[in-house]
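Participant: Numbering (my numbering), first residue to last: 4 to 590.
Where is the CB? At the ideal position from N, CA and C, for every residue including glycine.
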RNA sequence: CGGGGUGUAGCGUAGUGGCUAGCGCACCUGCUUUGGGAGCAGGGGAUCGCAGGUUCGAGUCCUGUCACCCCGACCA
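(1) Going straight from the alpha carbon of residue 180 to that of residue 443, what length do you get?
(2) Counting only runs of 4+ residues fully inside the stretch 518-589, write out the alpha helix (DSSP H) ranges in chain order.
(3) So residue 28 is in the alpha helix (DSSP H); what residue range does that whole segment cover?
(4) My output table needs one value for residue 267: the three-state DSSP class, helix, strand or coil.
(5) For residue 195 versus residue 173, is the C-beta spacing smaller than 8 Å?
(6) From the DSSP secondary-structure annotation, give me the bridge partner or partners of residue 7.
(7) Name the DSSP bridge partner or partners of residue 439?
(8) If distances are taken between C-alpha atoms only, which option among 85, 165, 20, 15 comes closest to residue 34?
(9) Would you tell me roughly how many angstroms separate the C-alpha atoms of residue 2 and residue 220, rounded to the nearest one?
(10) Of the residues 229, 533, 520, 145, which one's Cα is nearest the Cα of residue 507?
(11) Distance, Cα to Cα, residue 93 vs residue 352?
(12) Let me confirm a value: residue 53 is counted as buried when at least 16 other C-beta atoms fall within 10 Å, else exposed. Which label applies?
(13) Work out the CA separation of residue 378 and residue 405 for me, nearest whole Å.
(14) Tell me the rounded alpha-carbon separation between residue 260 and residue 410.
(15) By Cβ distance below 6 Å, which residues in the same chain neighbour residue 562 in space, the five residues on each side in sequence not counted?
(16) Rounding to the nearest angstrom, what Cα-Cα distance links residue 471 and residue 579 in this structure?
(17) With a threshold of 6 Å on Cβ separation, who are the neighbours of residue 439 within its own chain once the five nearest residues in sequence on each side are excluded?
(18) Return the bridge partner residues of residue 509 from the DSSP annotation.
(19) Answer with buried or exposed for residue 311, where buried requires no fewer than 16 other C-beta atoms within 10 angstroms of its C-beta.
(20) Going along the chain, which residues of its own chain have a beta-carbon closer than 6 Å to the beta-carbon of residue 383, five neighbours each way excluded?
(21) Helix, strand or coil for residue 142? Go by DSSP, reduced to three states.
(22) With a cut-off of 8 Å, do at least 3 Cβ pairs link the stretch 103-110 to the stretch 77-91?
(23) Within 10 angstroms of its Cβ, does residue 12 collect 16 or more other Cβ (buried), or is it exposed?
(24) In terms of DSSP beta bridges, what is residue 135 paired with?
(25) Specify the secondary structure class of residue 236 as computed by DSSP and reduced to three states.
(26) Going by Cα to Cα distance, which pick from 338, 288, 285 is closest to residue 308?
(27) Using DSSP's beta-bridge definition, name the partner residues of residue 386.
(28) What residue does the alpha helix (DSSP H) around residue 339 start on, and which one ends it?
(29) Within the same chain, show all residues whose beta-carbon is closer than 7 Å to that of residue 168, passing over the 5 residues directly before and after it, in chain order.
(30) Rounded to whole angstroms, what's the CA-CA distance from residue 271 to residue 201? Just pull it up for me.
(31) Which residues share a DSSP beta bridge with residue 275?
(32) Which residues mark the beginning and the end of the alpha helix (DSSP H) in which residue 58 is found?
(33) Within the same chain, show all residues whose beta-carbon is closer than 7 Å to that of residue 241, passing over the 5 residues directly before and after it, in chain order.
(34) Report the rounded CA-to-CA distance for residue 568 versus residue 199, giving the unit in angstroms.
(35) One question on the structure: do residue 193 and residue 433 come within less than 8 Å of each other, judged by their Cβ atoms?
(36) By the DSSP assignment, the beta strand (DSSP E) with residue 114 in it spans what residues?
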C-alpha cells in the first residue's frame, strides 16, 4: 500500500525550530521524521521509522552475511553483571540508574558486553561450539552530559552491537575481519563515505581497535590521514622516536639570565635579542623545549606529577595525553607547584647548575618524559630551573636524560605520518562504527571458559563491534541535503517514488492513483501526495523537504498526455508520456 | 562542572510598569483560487517556564528556582 500524505501522520514546518542548529536536525524536525521528547531523546514519526527500518534491514542482511545471529536483550538490566566488571562504578553518572519496588538496583544498559558474555557462558562450554557471533539491534541509554545535534549524540539511541567469541587469538582475528568486512559493505550500501581509523584501544589490553568515521565538519572526532592511506584517530597516532643526530659541533650549554620570560613567546623574543645562535639564524618556538607539568589522576583519585618536554611550538593534546597515560590528565595547579619548589614555573628544565635535575632529583621523584620528536643529540633552549634563567645549547643525551617518552603533543597539519606515507592532514569525523578486539577482559571477569581439545579450561577471547544506527540516520541526513530539504539515497528513502498530484482536476488524481498502483505492482514503494485542495507550491516544497529521490508530477502536462519525472538531487525535470512513466522509473 | 544565551499558542516571533497580550505560519468554517509555500471573510487555541516579592496595577521591575540551547570539560 502506498503512503498517503492525505492521511500520513505528518505536518511540515515552514520555519526552523530554534532548538536545532545543525541542518540534519532542522530538516528531520521540519519534515516530521522525529520530534524531541526530552534532551537527547526523540520520538519517531512514521517517516522516521521507515528510514530507520531501511537502515536496520541493511545492517541485518550484512550481519547475516558475516554469520552473526540476532538475539535481543532487555534494555533494563540488573546491576550485578556490571558490578562484576567494575563498570557500575566506572560509568559513573553516565548510566541511567533506577530501582525496583524492592529497592534493587537496575540500569538502562549503555552497552551489553556483560550480558552477552553471560548468555554464552550459560549455553556453551566447549571449543566445538566456537566460533560464535551474536548481535542485537537495541536501544542504548547513556546519560550524556551534553547531548548534541539531534540524533547525532542522544541519550537514547539505537545501536547494533555484535560480539564474537573464539577459543584463541587467531580465531578472534578472523571474526574481527569478518565484522570489519561487513561494516564496509553496510556503509557502502548506505552510500556513506567513511574512513577506517586506527583507534585508541584503551590502556588495558592493548588490543586492536578501529573506528569508522564519516568525514564531516560537524563531527566530534578529530582524525588524521595521509594521501597514501594512513588514517587514525588523533588519540591513536603514535610517532616513532627521532633518530640520534650528531651533536659534536654544539658548544657547551650555557645559562643566561632571561628576566621576565615565562612563556615561549617571551623566551623566543629574548633569545633573538640577546643570544647569538649557532649556527646563524633566528630562534623560533621550535628551538625551545617546553616543559609541562601534568597531574595524572588515577580512577581511585590518587594523583602523581610528571613533567613532559616537548618542542615549544607544540601543546599537550589532552585527549592524546589521556590515551597515552590511560588515566585522566589535568594541568598542574598552583598548589602542586607549592609542594615541589624545585619546579620553577615558567623556567622548568631538565637540568640545574649543569646537572641532571628532573627524574634524578630523589626527593621529587617526578618522571621526566620527552616528546618522540626530541632526538638524542638535538640541542635546545629551555628552562634552567631557576627563576629568570634559561639554558642554551642543552643537548639531549649529552647534558640531560629522560625517563621515557610521552607522545602527547598536538598533531599539526603537515606532520609526517608515522608510517612514512607522507604528510598528515587533520579532519573531523563522526564515529559511525567501531570494531574492537576485547580480548579476554570480560570473559575473565565473568568466567567465560570452555574446554579445549585437550580437556583444559581456556578463557574465551572476544570482540565487540558497534554501529550507531540512529547516528547513521543523522549522518545520512547531514550528508544528503540542500537548502530545500533532504535528499535520501535510494537505499534508505522512505519510498522509491514520490507521486505528486498537482492540480484540481479529478483526472489528475485519477492518473496519480493509477500510476501509484502500477508502480507498486512493479515492486516500487510509493508515497503519494493526494492531499486535495492544496496549491502545487506547497506540494513541491513538501516533496523537496521530505527528500524522496524520485518525484513523479502529474499536473498541467496531463492535457498533452504527459507527466514529469523530477530528480530531487539534480533538480532535473523530464516530461514523459503517461504510459511510459512507470517504465522510466523502473529503469 | 565552568562560560555565554534563551524561556510569550504546535512552530517562528512582537510587546517603554497602564485598556481585553499583538502578528505570521499551522489548525477550523464558508466562498473564490490551483505549476512554486493563494485571496477574502469569520473562528478556536496562551494560567507570558515556576514560586515569591515590590506596586493602585507586572509578560515588563526585584529575588529565588526550574528548564532548554550553544561553547568548553566529560563521553567503550
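Facilitator: According to the structure shown:
(1) Going by C-alpha positions, residue 180 is about 18 Å away from residue 443.
(2) Qualifying alpha helix (DSSP H) stretches, in chain order: 539-549, 581-589.
(3) First-last of the alpha helix (DSSP H) with residue 28: 26-33.
(4) Residue state, collapsed to three classes: helix.
(5) No.
(6) DSSP lists 531 as partners of residue 7.
(7) Paired residue(s): 212, 467.
(8) The shortest C-alpha separation from residue 34 is found at 15.
(9) The first residue shown for the chain is 4 and the last is 590, placing residue 2 beyond what the model contains.
(10) Checking every option, the nearest Cα to that of residue 507 belongs to 533.
(11) If you take the alpha carbons of residue 93 and residue 352, they lie about 36 Å apart.
(12) Looking at its Cβ environment, which holds 16 or more other Cβ atoms inside 10 Å, residue 53 is buried.
(13) Answer to the nearest angstrom: the Cα atoms are 11 Å apart.
(14) The alpha-carbon atoms of residue 260 and residue 410 are separated by roughly 31 Å.
(15) Here residue 562 has no same chain residue with a Cβ atom under 6 Å from its own Cβ, once five neighbours each way along the sequence are excluded.
(16) About 41 Å.
(17) Spatial neighbours of residue 439 in its own chain (CB-CB distance under 6 Å, excluding positions within 5 residues in sequence) are listed in chain order as 212, 467.
(18) According to DSSP, residue 509 bridges with nothing at all.
(19) Buried, since its Cβ has 16 or more Cβ neighbours within 10 Å.
(20) Taken in chain order, the residues that qualify are 292, 397.
(21) DSSP, read as helix, strand or coil, puts residue 142 in strand.
(22) As far as the Cβ criterion goes, the stretch 103-110 touches the stretch 77-91, which means the pair count is three or higher.
(23) Classification for residue 12: exposed.
(24) For residue 135, which the question treats as bridged, DSSP gives the partners 168.
(25) Judged by DSSP in its simplified three-state form, residue 236 adopts strand.
(26) Measuring from the Cα of residue 308, the nearest candidate turns out to be 338.
(27) Answer is 393.
(28) Start and end: 337-342.
(29) Apart from the 5 residues on each side of it in sequence, residue 168 sits with its Cβ closer than 7 Å to the Cβ of 123, 133, 134, 135, 463, 465 in its chain, given in chain order.
(30) Using only the alpha carbons, I get a separation of about 36 Å.
(31) Note: residue 275 sits in no beta bridge, so no partner.
(32) 49-68 is the span of the alpha helix (DSSP H), which, as asked, contains residue 58.
(33) Around residue 241: 410, 421.
(34) Cα atoms of residue 568 and residue 199: separation of roughly 38 Å, rounded to the nearest angstrom.
(35) A distance of 8 Å or more separates the beta carbons of residue 193 and residue 433.
(36) Per DSSP, residue 114 belongs to no beta strand (DSSP E) and is neither H nor E.
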